[in-house]
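**Student:**
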Amino acid sequence: MPTAWSFEMTHAPALLDVAALRQDFPLLTEPFKGRRLIYLDSAVSGLCPRSVVERMAHYQLREHTNVHRGVSTLSQEATDRYEEAREKVRSFLNARSTKEIIWTRGTTEAINLVAQSWGRANLQAGDEILLSAMEHHANIVPWQMLAAEKGATIRVIPMNDAGELILDGLDALLTPRTKLVGVVQVSNVLGTVNPVKALIQAAHAKGIPVLVDGAQAVPHLPVDVQDLDADFYVFSGHKLSGPTGIGVLYGKRELLEAMPPWHGGGSMILSVSWEKTTYIGLPGKFEAGTPNISGAIGLGAALDYLKALGLDRIAAHEAALLAYATERLEAIPGLRILGQAREKASVISFVLEGIHPHDVGSILDHEGIVVRAGHHCAQPVMQRLGVPATTRASFAYFNDTADVDALVAGILKVKEIFG
Amino acid sequence: MTDPRELYQQVILEHNKKPRNFGKLDPCTHHAHGLNPLCGDDIEVSLVVADGLVQEVRFQGHGCAISQASSSLMTVNVKGKTVEEAETMIAQFREMIRGNLDPAADPHILGRLTLFQGVKDLPSRVKCAVLPWATLHSALQGEETVSTE
Ligand SMILES: Cc1ncc(COP(=O)(O)O)c(C=O)c1O
Numbered sequence: 033m034p035t036a037w038s039f040e041m042t043h044a045p046a047l048l049d050v051a052a053l054r055q056d057f058p059l060l061t062e063p064f065k066g067r068r069l070i071y072l073d074s075a076v077s078g079l080c081p082r083s084v085v086e087r088m089a090h091y092q093l094r095e096h097t098n099v100h101r102g103v104s105t106l107s108q109e110a111t112d113r114y115e116e117a118r119e120k121v122r123s124f125l126n127a128r129s130t131k132e133i134i135w136t137r138g139t140t141e142a143i144n145l146v147a148q149s150w151g152r153a154n155l156q157a158g159d160e161i162l163l164s165a166m167e168h169h170a171n172i173v174p175w176q177m178l179a180a181e182k183g184a185t186i187r188v189i190p191m192n193d194a195g196e197l198i199l200d201g202l203d204a205l206l207t208p209r210t211k212l213v214g215v216v217q218v219s220n221v222l223g224t225v226n227p228v229k230a231l232i233q234a235a236h237a238k239g240i241p242v243l244v245d246g247a248q249a250v251p252h253l254p255v256d257v258q259d260l261d262a263d264f265y266v267f268s269g270h271k272l273s274g275p276t277g278i279g280v281l282y283g284k285r286e287l288l289e290a291m292p293p294w295h296g297g298g299s300m301i302l303s304v305s306w307e308k309t310t311y312i313g314l315p316g317k318f319e320a321g322t323p324n325i326s327g328a329i330g331l332g333a334a335l336d337y338l339k340a341l342g343l344d345r346i347a348a349h350e351a352a353l354l355a356y357a358t359e360r361l362e363a364i365p366g367l368r369i370l371g372q373a374r375e376k377a378s379v380i381s382f383v384l385e386g387i388h389p390h391d392v393g394s395i396l397d398h399e400g401i402v403v404r405a406g407h408h409c410a411q412p413v414m415q416r417l418g419v420p421a422t423t424r425a426s427f428a429y430f431n432d433t434a435d436v437d438a439l440v441a442g443i444l445k446v447k448e449i450f451g
Numbered sequence: 003m004t005d006p007r008e009l010y011q012q013v014i015l016e017h018n019k020k021p022r023n024f025g026k027l028d029p030c031t032h033h034a035h036g037l038n039p040l041c042g043d044d045i046e047v048s049l050v051v052a053d054g055l056v057q058e059v060r061f062q063g064h065g066c067a068i069s070q071a072s073s074s075l076m077t078v079n080v081k082g083k084t085v086e087e088a089e090t091m092i093a094q095f096r097e098m099i100r101g102n103l104d105p106a107a108d109p110h111i112l113g114r115l116t117l118f119q120g121v122k123d124l125p126s127r128v129k130c131a132v133l134p135w136a137t138l139h140s141a142l143q144g145e146e147t148v149s150t151e
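Next comes the structure, spelled out in structure tokens:
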């Protein structure tokens with residue numbers, strides 16, 4: 033089955049020069065509390081390269097005022113920079129129009145926007161929302177809140193022990209009452225790359241729209257929302273080498289046009305009177321109030337940075353690191369990797385026999401190795417796998433095999449301490 | 003930061019492996035659930051209190067070595083004490099973990115529980131060590147659940 037992951041590489045990409053690009057990240061080159069920091073936690077939040085921070089500072093110091101307001105040259109310029117960033121996102125996702133790109137605070141807010149606007153307008157008692165077994169809480173809780181309000185039900189696409197969705201029963205799960213499918217493209221816990229394109233085709237065959245949580249996908253693989261035919265696609269800037277507090281909701285224009293606004297206030301109105309208020313069109317309709325302007329511009333700069341590195345080179349680099357890390361970790365006795373999907377992004381969750389992930393995380397932290405230990409905001413995944421928590425290492429373009437070796441040495445130290 | 007070996011001493015590792023007083027008292031006079039929503043740690047403490055004395059105390063649940071050992075050592079140290087003494091220990095343990103009580107200089111009744119003083123240098127683990135104590139406090143106060151948030 034073709035997946036979104038199996039894109040064509042017409043030529044072998046030149047390798048990333050990790051040593052050189054690390055100069056863009058002071059956290060990686062300068063000692064942190066007296067030791068070299070090994071950052072294996074990009075799935076929690078990516079690091080911002082210098083150029084992103086400098087672009088934001090430049091804006092804030094030299095270009096800032098509010099956007100979409102007033103006739104000043106300054107305001108016009110700020111608006112232009114802000115809208116240029118939107119165009120960069122459009123191009124990054126290959127959306128048809130910038131009208132389909134809505135700024136949000138992040139993935140979480142984007143999903144809540146869809147749930148509260150599209151969901152409240154389209155769901156009725158007895159309707160169903162179909163989610164996958166590997167969703168992040170961000171793609172569960174907004175739907176549970178909506179379902180509770182509407183008397184709707186949530187159904188779940190199961191997954192197997194390898195951490196792959198079981199799609200055999202999909203047809204039966206897509207019922208006449210299914211109003212929406214929500215699926216994560218790349219699991220933040222297991223790294224699984226889900227076959228979202230096939231899933232979308234199956235849902236569309238029954239006229240059901242699909243929301244794709246792309247928070248962990250965009251840092252690792254090229255995304256084309258038209259090719260996927262996603263109805264909604266959401267992601268956060270901070271997982272993509274951008275700043276926190278900015279994210280994106282992509283929605284198909286017809287859907288967004290038909291949706292009522294969510295937040296009301298300034299910027300999103302055409303005219304306001306006590307008798308009648310009318311709204312502007314897309315994308316402003318969903319962007320009430322003063323937005324995160326420097327965040328949007330910063331995200332635009334992050335996309336420039338990634339583009340310059342080359343998305344295919346990043347993907348190839350991470351795939352090689354994943355293979356190397358998997359091999360080295362699997363060789364450690366008592367270590368079990370959770371998530372053995374055939375299509376996987378550079379995220380590895382593991383458990384060590386008899387040692388709780390928090391203890392692993394603390395000892396690694398002492399070694400200067402930053403990983404995540406916990407339930408990863410995906411408690412249903414933990415329940416499904418029968419573990420309370422995992423330790424997770426995630427690899428980005430600035431990591432190399434020496435980082436993997438340090439992780440392995442750190443894990444061996446954990447084992448030694450625990451005897 | 004202290005070397006992790008200072009925290010993960012033999013006693014703590016040993017209590018983690020073989021927790022004492024593990025399980026649930028039924029019937030019991032006091033009982034509470036402690037949750038750490040950040041990491042999903044879940045601890046249940048049950049007690050039999052009579053004549054102002056903690057006659058029996060047990061815990062069950064899962065968590066990291068710090069929270070398991072803290073729970074285990076808590077039950078060992080609280081058993082047979084008066085409720086008042088137990089409350090004093092809870093308060094002193096908290097103060098020690100927050101760095102406000104120096105076991106070497108300040109008076110205390112913590113005994114071997116001072117093993118946990120290294121946790122004060124690991125802010126992210128403070129809640130793990132304190133959770134059983136907060137749960138014990140809730141149980142003694144007649145509250146059913148406690149959260150570290
Ligand atoms: C798959 C997935 N979805 C959603 C989110 C939530 O993103 P944010 O907290 O930026 O809104 C995350 C972040 O951890 C994630 O990994």
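So the sequence lines, in the order shown, correspond to chains A and B.
With my numbering applied, the first sequence has no gaps in its numbers, which climb one by one up to 451 at the end.
With my numbering applied, the second sequence has no gaps in its numbers, which climb one by one up to 151 at the end.
Even for Gly, the Cβ is constructed at its ideal location relative to N, Cα and C.
It should be emphasised that the depicted structure is a prediction, and the values quoted were computed from it without experimental measurement.
#1: Would you decide whether ILE99/B is buried or exposed? Buried here means 16 or more other CB atoms lie within 10 Å of its CB.
#2: Does ligand 1 have a heavy atom nearer than 7 Å to the CB of GLN411/A?
#3: Step through the CB atoms of chain A and report whether any lies within less than 8 Å of the CB of ARG114/B.
#4: What in chain A is Cβ-close to HIS64/B, meaning under 7 Å?
#5: For a quick check, are the C-beta atoms of LEU212/A and PRO241/A less than 8 Å apart?
#6: Going by beta-carbon coordinates alone, are PRO251/A and LYS271/A separated by less than 8 Å?
#7: By the criterion of Cβ-Cβ separation under 9 Å, what are the contact partners of LEU75/B in chain A?
#8: Can you find at least 3 beta carbon pairs, one from the segment 380–389 of chain A and one from the segment 53–71 of chain B, that sit closer than 8 Å?
#9: Are the C-beta of HIS295/A and some C-beta of chain B separated by less than 8 Å?
#10: If I follow the unbroken alpha helix (DSSP H) through ASN18/B, where does it start and stop?
#11: With C-beta atoms as the reference, is VAL84/A less than 8 Å away from ALA334/A?
#12: Does the separation of the CB atoms of ALA157/A and LYS182/A fall below 8 Å?
#13: Output needed for ARG7/B: all residues of its chain with C-beta closer than 7 Å, excluding positions within five of it in sequence on either side, in chain order.
#14: Would HIS390/A count as contacting chain B if we go by Cβ distances under 8 Å?
#15: Between the beta-carbon of HIS100/A and the beta-carbon of SER303/A, is there less than 8 Å?
#16: For a contact meaning CB atoms closer than 7 Å, what does ALA67/B contact in chain A?
#17: Please report the distance separating the alpha-carbon of VAL47/B from that of GLY82/B.
#18: Kindly indicate if chain B contains any beta-carbon less than 8 Å away from that of PHE450/A.
#19: So, at 7 Å on beta carbons, what are the nonlocal neighbours of PHE39/A in its own chain, with the 5 sequence-adjacent residues on each side left out?
#20: Quickly, what does DSSP pair GLY279/A with across the bridge? List them, please.
#21: Which residue comes first and which comes last in the alpha helix (DSSP H) that contains GLY327/A?
#22: Looking at the secondary structure, which residues open and close the alpha helix (DSSP H) in which ARG7/B lies?
#23: Give me the chain A residues within the contact set of LEU15/B, using Cβ-Cβ distance strictly less than 7 Å, ordered along the chain.
#24: Of all the CB atoms in chain A, is at least one closer than 8 Å to the CB of SER30/B?
#25: Does the distance between the C-beta of SER73/B and the nearest non-hydrogen atom of ligand 1 fall short of 7 Å?
#26: If you measure from the beta carbon of ARG127/B to each beta carbon in chain A, is any gap under 8 Å?
#27: With 8 Å as the threshold, decide whether the Cβ of LYS124/B is near any Cβ in chain A.
#28: Less than 8 Å between CB atoms is the rule here; does GLY442/A satisfy it with respect to chain B?
#29: Using a Cβ cut-off of 8 Å, pull out every chain B residue sitting near HIS407/A, in sequence order please.
#30: Once DSSP output is grouped into helix, strand and coil, what is the label at GLY360/A?
#31: Does the beta carbon of SER268/A sit closer than 8 Å to a beta carbon anywhere in chain B?
#32: For chain B, is any of its Cβ atoms less than 8 Å away from the one on GLN411/A?
#33: Does the distance from the CB of LEU163/A to the CB of VAL188/A come in under 8 Å?
#34: Please check if any C-beta of chain B sits within less than 8 Å of the C-beta of SER77/A.
#35: Below 6 Å CB to CB, which residues in the same chain sit around HIS295/A once its five sequence neighbours on both sides are set aside?
#36: Which residues in the same chain as ILE449/A place their Cβ atom closer than 7 Å to its Cβ, once the five residues preceding and following it in sequence are excluded?
**Tutor:** In short, the structure shows the following:
#1: buried
#2: no
#3: Output row for ARG114/B: interface = no.
#4: PRO420
#5: Yes.
#6: Yes. Within cutoff.
#7: Result: empty, since nearest Cβ-Cβ is about 16 Å, beyond 9 Å.
#8: yes
#9: By this cut-off, HIS295/A is not an interface position.
#10: 12–19 is the extent of the alpha helix (DSSP H) around ASN18/B.
#11: yes
#12: The answer is yes: Cβ separation under 8 Å.
#13: none
#14: yes
#15: no
#16: HIS388 and ASP391
#17: 16 Å
#18: yes
#19: The predicted position of PHE39/A is uncertain, since its pLDDT is 40 and thus under 50; a value taken from the coordinates is nonetheless stated next. Result list for PHE39/A: PRO254, in chain order.
#20: THR136/A and SER268/A
#21: Per DSSP, GLY327/A is one residue of the alpha helix (DSSP H) stretching across 325–341.
#22: 6–9
#23: PHE450 and GLY451
#24: It is Cys, not Ser, that sits at residue 30/B in the sequence shown. So no, CYS30/B is outside the interface.
#25: no
#26: Under the 8 Å criterion on CB atoms, ARG127/B is classed as interfacial with respect to chain A.
#27: The amino acid occupying residue 124/B in the given sequence is Leu; Lys does not appear at that position. With 8 Å as the cut-off, LEU124/B counts as an interface residue toward chain A.
#28: no
#29: Those are CYS41 and GLY42, listed as they occur along chain B.
#30: The sequence given here places Arg at residue 360/A; Gly does not occur at that position. Residue state, collapsed to three classes: helix.
#31: no
#32: yes
#33: yes
#34: no
#35: Same-chain partners within the cutoff: ALA320.
#36: ILE395
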